[in-house]
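In terms of the working numbering, the numbers along the first sequence are unbroken and rise by one, the last being 623.
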Amino acid sequence: MQKLHSTGKFMRYSQYLLPTLKEVPADAEVVSHQLMLRTGMIRKVAAGIYNYMPLGLRSIRKMEQIIREEMNRAGAIECLMPMANPAELWHESGRWEKYGKELLRFKDRKDADFCMGPTHEEIVTDIVRNTVRSYRQLPLNLYQIQTKFRDEIRPRFGLMRGREFIMKDAYSFDLDDAGADLSYQKMYQAYRNIFQRCGLRFRAVEADSGAIGGSFSHEFMVLAESGEDAIVSCDSCEYAANVEKAEVLWSGQETPKPRQEIQLVETPDQKSIKEVADFLELSSSQLIKTLILQTSTEEVIAVLVRGDRELNAIKLANLLNVDWVLPAEESLVKKVTGAPAGFAGPIGLEIRVLADNEVCAMSDYVVGGNVADRHYIGVNHPRDVVIDQFADLRRAEEGDPCPRCSGGHFESWRGIEVGHVFKLGTNYSDAMEATVLDDKGQARTLVMGCYGIGVGRTVAAAIEQNHDEHGLKLPLPLAPFQVLVVMVNPKDEQVRRTSEDIYARLLTQGVEVLLDDRDERPGSKFKDADLVGIPLRVTVGARGLQEGVVELKIRTSGEQSSVPIGEIVSVLQQHIDAAAD
RNA sequence: CGGAGCGUAGCGCAGCCUGGUAGCGCGCCUGGUUUGGGACCAGGAUGUCGGAGGUUCGAAUCCUCUCGCUCCGACCA
């Protein structure tokens, strides 16, 4: 393990820059953001742009080091690419045009176009096509740990979604698909190792790879209430997926025979599913929602889902092979259905009608009447409704049966996406003509993969998962210091000497230790200690010294014990070694 | 991008409606008393009231513009 700032001089609290705040800063919403500000780990410079203060930087560096070790072990090679990217490479890949306002563009003194790299496929592909000629040099996986810039619509939550952020990004190059799959597997395993070593609870979930055509993709999600993504995982097998992607099992039930006649009934002013269901004294699962949507190809379609379900627009977009689908404007809904929003139904529509599989098994249901204040009841397909296509279109929910194993059910979580592994294929190598010669002397287009980890975001996610009302409880591998030595009263000569001695011995052993030598009241020191949350706290006070002991407190468990002065260093070392396993 | 809100001391805020030249708590500095869970007393420093313009004898306060920041939304039929 690399030693951080190995001189002792600045490991004294009185000389260190550790600006803690008693009060919660007004504009911090999530816990990790609040605590990072309060502990003085970060300070904001502009929206989504932060200073990494000394304490924060130490945790960031810890994270980077774990990543580095595992990447190296997996055979990846570190390099460093520039932040400023010339536009020409981005023109080559076509992304100068495609990338929207997130790409921060600027000009140099000669008026040439540049951008701040939000990701580095172009640059790395350029490196490889210029330097790799033969299949013998493959496979190759280049990575860097570097600052990225994405001009986010809405930066928020501190390091969780900044505009400028530190990212580890890796890119693999292989001769063929099979090789690329192997590179992908290696990264997948490296990522599991990384997050495990950080002591985080996480899931590797199947993710939507989008219409780009990438074959597969996993997101690494740290489980936390404040997570921006919804994920599901099976309670009995390994299957886990982003809800954007999660498959809903369809057993292919037959449509029941109609028992009711279709009938148009009055539903004055009852627009939402809940209102209609309550009004008709039915459950919302007996209703069908008719969504009028428009696609990026300017088609207008209707989609039917059971009243208590939600449409998964990404599944729909993938099925239709379009970039996006959005709810139609109210005026368009009126034009297509003839009724104000809230009364749309599938009967008599002249547009394409798709339905979620589940609708297939429904009978005698309720749909909108396509007339204001009217719904149909006793509706059945195919008798009353023409459905052009059934497909898996709804959003997966907690309790849904697992599509991969028998008997398993979905649990649902919120997750923070901290890593993403993605098989790219030949998108960039094609566009940028990155080829090598194979063993037959034929030029072959390289098959690529890309693999990212948000470094700052992972630290923030670790805080979301490891804190209490007093402050941080970071796991030892990510904590900025391993040990805090609190000298209760620096004016007491014996207390001072003992603390200094323990501190010096720890430094000699390479332990990352901070000595709180401030002339503050003990209460303040303990509050700061809890806030900053250094995992192992040694308290040296006159009270204990009379007995020849110091006090050891474990921040994460709250466990306290008295340890003879002579043994404290080895006891601490044992704790540190235990955490390294 | 649409909507809402905020900008006053390092931090958290009051003052603005009803105009009269800026205040509270924490922090900071000095001295003293204190010293095992955010002490007490006494004294002290700190503000282009986000910026520009306007109204007025007079603007933190009213008006206009502008910049910055925060939150909510962008899957209601």
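Using N, Cα and C, we set each Cβ at its ideal position, and we do this for glycine too. Every value quoted in this text rests on a predicted model; they were computed, and no experiment measured them.
*Roughly how many angstroms lie between the CA atoms of P606 and L59, to the nearest whole one?*
Counting from 1 along the first sequence, the entry for residue 606 is found at position 564. Counting from 1 along the first sequence, the entry for residue 59 is found at position 17. Those two C-alpha atoms are separated by around 31 Å.
*Note down, one range per segment and in chain order, each beta strand (DSSP E) of at least 3 residues found wholly within the stretch 298-337.*
Unbroken beta strand (DSSP E) runs of no fewer than 3 residues, entirely contained in the stretch 298-337, are found at 305-308 and 330-337, following chain order.
_Buried or exposed (CB count within 10 angstroms, at least 16 for buried), S275_ = Here residue 275 corresponds to residue number 233 of the first sequence, with the count starting at 1. With 16 or more other Cβ atoms from the protein chains shown falling within 10 Å of its own Cβ, S275 counts as buried.
*Integer-rounded CB distance, given that M125 should sit under 8 Å from M158*: Stepping through the first sequence from its first residue, residue 158 is reached at position 116. Stepping through the first sequence from its first residue, residue 125 is reached at position 83. Contact holds; Cβ gap of about 6 Å.
_Delimiting residues of the alpha helix (DSSP H) encompassing M564_ = Translated into the one-based positions of the first sequence, residue 564 becomes position 522. A small correction: the amino acid at residue 564 is Pro; Met does not occupy that position in the sequence shown. Judged by DSSP secondary structure, P564 falls within the alpha helix (DSSP H) whose first and last residues are P564 to V574.
*Pairwise C-alpha distance: A70 and H451*: Position 409 of the first sequence, counting from 1, holds the residue named residue 451. Position 28 of the first sequence, counting from 1, holds the residue named residue 70. Rounded to whole angstroms, the gap between the alpha carbons of H451 and A70 is 36 Å.
_Reference D559; option with closest CA among F568, G552 and S603_ = Counted from its first residue, the first sequence places residue 559 at position 517. Check the Cα spacing between D559 and each of F568, G552 and S603: the tightest is with F568.
*Taking the Cβ atom as the reference point for each residue, do G420 and Q305 lie within a distance shorter than 7 Å?*
As a first step, residue 420 must be located in the first sequence, where it is residue number 378. As a first step, residue 305 must be located in the first sequence, where it is residue number 263. Taking 7 Å as the Cβ cut-off, G420 and Q305 qualify as a contacting pair.
*Which residue from D153, T309, A220 and R137 puts its Cα closest to that of G491?*
The residue you call residue 491 lines up with position 449 of the first sequence. Here the closest residue by C-alpha is A220.
*Taking the CB atoms as reference points, tell me whether I108 and I187 lie closer together than 7 Å.*
The residue given as residue 108 occupies position 66 in the first sequence. The residue given as residue 187 occupies position 145 in the first sequence. Their beta carbons are not under 7 Å apart, which means I108 does not touch I187 by this criterion.
*Is DSSP giving V475 helix, strand or coil here?*
As a position in the first sequence, residue 475 is number 433, starting the count at 1. Per the sequence presented here, residue 475 reads as Glu, with Val not at that position. Residue state, collapsed to three classes: coil.
*Kindly list the residues whose CB is nearer than 7 Å to the CB of R538, restricted to its own chain and excluding five residues on each side of it in sequence; keep chain order.*
What you label residue 538 is simply residue 496 of the first sequence in a count that begins at 1. Correct list, in chain order: M529 and P532.
*asked:* Taking its Cβ as the centre, do 16 or more other Cβ atoms sit within 10 Å of D365, making it buried, or is it exposed?
replied: Numbered from 1 along the first sequence, position 323 holds the residue referred to as residue 365. When all chains shown are included, D365 counts as exposed.
*For Y92, which beta-bridge partners are listed by DSSP?*
Looking up residue 92 in the first sequence gives position 50. Residue pairing for Y92: DSSP places it in a beta bridge opposite K86.
*Can you have a look at N93 and say buried or exposed, based on whether 16 or more other CB atoms are within 10 angstroms of its CB?*
Working through the first sequence from its first residue, we reach residue 93 at position 51. The residue in question, N93, is exposed, as its Cβ has fewer than 16 Cβ neighbours within 10 Å.
_Spatially closest choice to P197 from R499, L548 and R446, by CA coordinates_ = Residue numbering aside, residue 197 sits at position 155 when the first sequence is read from its first letter. For P197, the nearest C-alpha among the options comes from R499.
*Quick one: is C279 buried, meaning 16 or more other Cβ sit within 10 Å of its Cβ, or exposed?*
The count along the first sequence starts at 1 and reaches residue 279 at position 237. With fewer than 16 other beta carbons inside 10 angstroms of its own, C279 counts as exposed.
*Counterpart residues of K465 in DSSP-defined beta bridges*: For the purposes of this step, residue 465 is identified with residue 423 of the first sequence, where counting begins at 1. In the DSSP assignment, K465 is bridged to G491.
*Given 8 Å as the limit, is there contact between the stretch 82-101 and the stretch 199-208, that is, 3 or more CB pairs closer than that?*
Verdict: yes, contact present.
*Can you list, in chain order, the residues of its chain whose CB lies under 7 Å from that of Y545, leaving out five sequence neighbours each side?*
For the purposes of this step, residue 545 is taken as residue 503 along the first sequence, with counting starting at 1. Counting only Cβ-Cβ distances below 7 Å, and skipping sequence neighbours, we find V527, V555 and L557.
*Which first and last residues belong to the alpha helix (DSSP H) in which T167 is found?*
Sequence index remark: in the first sequence, residue 167 carries index 125 (1-based). Here the alpha helix (DSSP H) through T167 covers E163 to T173.
*Alpha carbon to alpha carbon, how far is K376 from Y141?*
Position 334 of the first sequence holds residue 376. Position 99 of the first sequence holds residue 141. Looking at the two C-alpha atoms, the distance is approximately 34 Å.
*Tell me whether the beta-carbon of V409 lies closer than 7 Å to the beta-carbon of I330.*
Within the first sequence, the letter at position 367 stands for residue 409. Within the first sequence, the letter at position 288 stands for residue 330. Yes, these two residues count as a Cβ contact at 7 Å.
*Could you check how far apart the C-beta atoms of A370 and Q336 are, in whole angstroms? I think they sit under 8 Å.*
The residue labelled residue 370 in the question sits at position 328 within the first sequence. The residue labelled residue 336 in the question sits at position 294 within the first sequence. The C-beta separation of A370 from Q336 comes to about 5 Å, placing the pair in contact by the 8 Å criterion.
_Of the residues I458, P522 and E112, the one placed nearest G32, counting alpha carbons only_ = Since the first residue of the chain shown is 43 and the last is 623, residue 32 is not available in this structure.
*Every unbroken alpha helix (DSSP H) within the stretch 480-541, with a cutoff of 4 residues, ordered by chain*: Taking only runs of at least 4 residues, the alpha helix (DSSP H) segments lying wholly in the stretch 480-541 are 497-507.
*In three-state DSSP terms, what is F258?*
For the purposes of this step, residue 258 is taken as residue 216 along the first sequence, with counting starting at 1. F258 falls in the coil class under three-state DSSP.
_Three-state secondary structure (DSSP) of T379_ = Reading the first sequence from its first residue, position 337 is the one you call residue 379. DSSP places T379 in helix when its eight states are reduced to three.
*State the beta-bridge partners of Y226 as determined by DSSP.*
Numbered from its first residue, the first sequence carries residue 226 at position 184. DSSP, once it has assigned bridges, lists no residue as partnering Y226.
*Euclidean distance between Cα positions of H162 and E106*: For the purposes of this step, residue 162 is identified with residue 120 of the first sequence, where counting begins at 1. For the purposes of this step, residue 106 is identified with residue 64 of the first sequence, where counting begins at 1. Using only the alpha carbons, I get a separation of about 18 Å.
*Report the partner residues of G457 according to the DSSP bridge assignment.*
Reading the first sequence from its first residue, position 415 is the one you call residue 457. Residue pairing by DSSP puts G457 in a beta bridge opposite L265 and D271.
_Rounding to the nearest angstrom, what Cα-Cα distance links R192 and P577 in this structure?_
Position 150 of the first sequence, counted from the start, is the residue given in the question as residue 192. Position 535 of the first sequence, counted from the start, is the residue given in the question as residue 577. Here the C-alpha atom of R192 lies approximately 34 Å from the C-alpha atom of P577.
*Roughly how many angstroms lie between the CA atoms of I254 and I356, to the nearest whole one?*
The residue labelled residue 254 in the question sits at position 212 within the first sequence. The residue labelled residue 356 in the question sits at position 314 within the first sequence. Since pLDDT at I254 reaches only 45, below the 50 mark, its modelled position is unreliable, and the value read off the structure follows with that caveat. If you draw a straight line from the Cα of I254 to the Cα of I356, it comes to about 13 Å.
*asked:* Between the alpha carbons of R437 and Q238, how many angstroms are there, rounded?
replied: By one-based count along the first sequence, residue 437 stands at place 395. By one-based count along the first sequence, residue 238 stands at place 196. Looking at the two C-alpha atoms, the distance is approximately 30 Å.
*Excluding sequence positions up to five away, which residues of its chain have a Cβ less than 7 Å from the Cβ of D218?*
Within the first sequence, residue 218 is the residue found at index 176, counting from 1. Cβ contact annotation for D218 (same chain, cutoff 7 Å, sequence separation greater than five): V489, in chain order.
_Can you give me the C-alpha to C-alpha distance between M53 and K64, rounded to a whole angstrom?_
For the purposes of this step, residue 53 is identified with residue 11 of the first sequence, where counting begins at 1. For the purposes of this step, residue 64 is identified with residue 22 of the first sequence, where counting begins at 1. For the pair M53 and K64, the Cα-to-Cα distance works out to about 22 Å.
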